[in-house]
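Participant:
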Amino acid sequence: MDPHAPAPLASAFKLYVLHAVADAVRAGELTWDDTVTVTDATRSLPSGELQDEPDGTRVTIREAAEKMIAISDNTAADMLIQHVSRERVEAAVAEAGHHDPGLMRPFLTTRELFQLGWGADRAPARAWREGDESERRSLLERIGELPLDVEAADVAGPAVWPDGIDWFASAADTAAVHHALHEMDDPTVRAILAENPGIRTDGAWQHVAFKGGSSLGVLTGSWLGEATDGTLLTVVVLMSSEDPADLASAQRDLVGLAEDAFRLASVRATAP
1 MDPHAPAPLA SAFKLYVLHA VADAVRAGEL TWDDTVTVTD ATRSLPSGEL
51 QDEPDGTRVT IREAAEKMIA ISDNTAADML IQHVSRERVE AAVAEAGHHD
101 PGLMRPFLTT RELFQLGWGA DRAPARAWRE GDESERRSLL ERIGELPLDV
151 EAADVAGPAV WPDGIDWFAS AADTAAVHHA LHEMDDPTVR AILAENPGIR
201 TDGAWQHVAF KGGSSLGVLT GSWLGEATDG TLLTVVVLMS SEDPADLASA
251 QRDLVGLAED AFRLASVRAT AP
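When we follow the UniProt record's numbering, the leftmost residue of the sequence shown carries the number 1, and every step to the right adds one.
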């Protein structure tokens with residue numbers, strides 16, 4: 001696969017949300033201890049936990065970011081996007097080195113993804129597929145006023161990413177956002193990304209940052225490891241198919257590829 005070819009990310013897009021949040025913290029515009037609130041307007045579908053919390057539930061920015069990365073909480077991601085603004089996340093896409101930030105504009109929330117991909121009214125999906133950026137923004141304004149008419153059980157059938165309903169970046173872009181987050185040198189960001197490393201590694205690695213994602217026809221994994229001598233290793237695996245059945249048993253292969261890459265890098269680093 002061409003490392004510069006755009007592909008659907010599924011929940012790996014949340015790296016860009018984390019970048020936008022961390023940048024706002026660095027700029028003094030918010031703190032990790034500020035709070036965001038669960039509302040019907042930001043409530044999404046699983047994965048996650050916050051979608052089951054009652055209206056008015058408050059969590060800190062840090063807690064929402066932890067849930068967004070460690071358990072891929074969709075509602076947490078949407079709350080953070082709303083808090084820092086869609087435009088701030090779109091700016092983060094460019095700042096993090098995406099080769100074509102226009103592919104991410106407008107930047108979808110997960111709630112919008114579910115509405116477009118599996119809503120009972122299929123007209124918005126067609127309008128998204130055929131629309132330019134301005135038309136897509138107008139479409140999101142309209143569906144943002146509607147209740148979420150999709151349940152978790154409705155998320156089935158063919159993949160929707162071929163219609164442009166996902167977040168798109170290349171493997172090189174995904175590696176770049178990992179490096180951008182690493183270079184922020186923020187201990188909170190570092191801890192958030194390492195909470196769920198996604199793979200088993202040996203003692204050669206003092207830090208492993210991870211974010212993966214899955215949706216119908218999409219499976220992704222991305223890691224940045226820091227060895228005890230400071231050497232960095234980035235591993236990105238992006239899988240997609242128009243037929244979700246093609247990836248039904250690919251999770252083990254994806255993890256195996258990443259573990260093999262880290263194991264090989266460890267051997268090379270310790271070789272005489």
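For every residue, glycine included, the Cβ atom is placed at its ideal position computed from N, Cα and C.
1. Helix, strand or coil for R58, going by three-state DSSP, please let me know.
2. Quick check on DSSP: helix, strand or coil for P272?
3. Closer than 8 angstroms is the cut-off here; do at least three beta carbon pairs connect the segment 211-230 with the segment 191-201?
4. Sort D33, P101, H207 and D173 by Cα distance to L232 and report the nearest one.
5. Of the residues A27, L9, I61 and D186, which one's Cα is nearest the Cα of D33?
6. Do the segment 155-166 and the segment 179-190 make contact, defined as three or more Cβ pairs closer than 8 angstroms?
7. So what's G212 in DSSP terms, helix, strand or just coil?
8. Could you pull out every unbroken alpha helix (DSSP H) segment of at least 4 residues lying fully inside the segment 106-177, listed in chain order?
9. Using CA atoms only, rank isn't needed, just tell me which of P101, E95, I192 and D229 is closest to A180.
10. Taking the alpha carbon of A204 as the point to measure from, which residue in E63, R88, R190 and A265 has its own alpha carbon closest?
11. I'd like to check one pair, L9 with A169: are the Cβ atoms closer than 9 angstroms?
12. With 16 other CB atoms within 10 Å as the buried threshold, where does G144 fall?
13. Among residues of its own chain, excluding the 5 on either side of D166, which ones have a beta-carbon nearer than 6 angstroms to its beta-carbon?
14. So, is E247 buried or exposed, given that buried needs 16 or more other C-beta atoms within 10 angstroms?
15. Is the number of C-beta pairs between the segment 59-73 and the segment 131-138 that are closer than 8 angstroms three or more?
Facilitator: In brief:
1. strand
2. Model confidence at P272 stands at a pLDDT of 48, short of 50, so the residue's coordinates are unreliable; what they give is reported in the following sentence. Three-state DSSP puts P272 in coil, outside helix and strand.
3. yes
4. H207
5. I61
6. no
7. strand
8. 110-118, 123-130 and 133-143
9. E95
10. A265
11. yes
12. exposed
13. P8
14. Reading off the sequence shown, one finds Leu at residue 247, where the question assumed Glu. So L247 ends up on the buried side.
15. no
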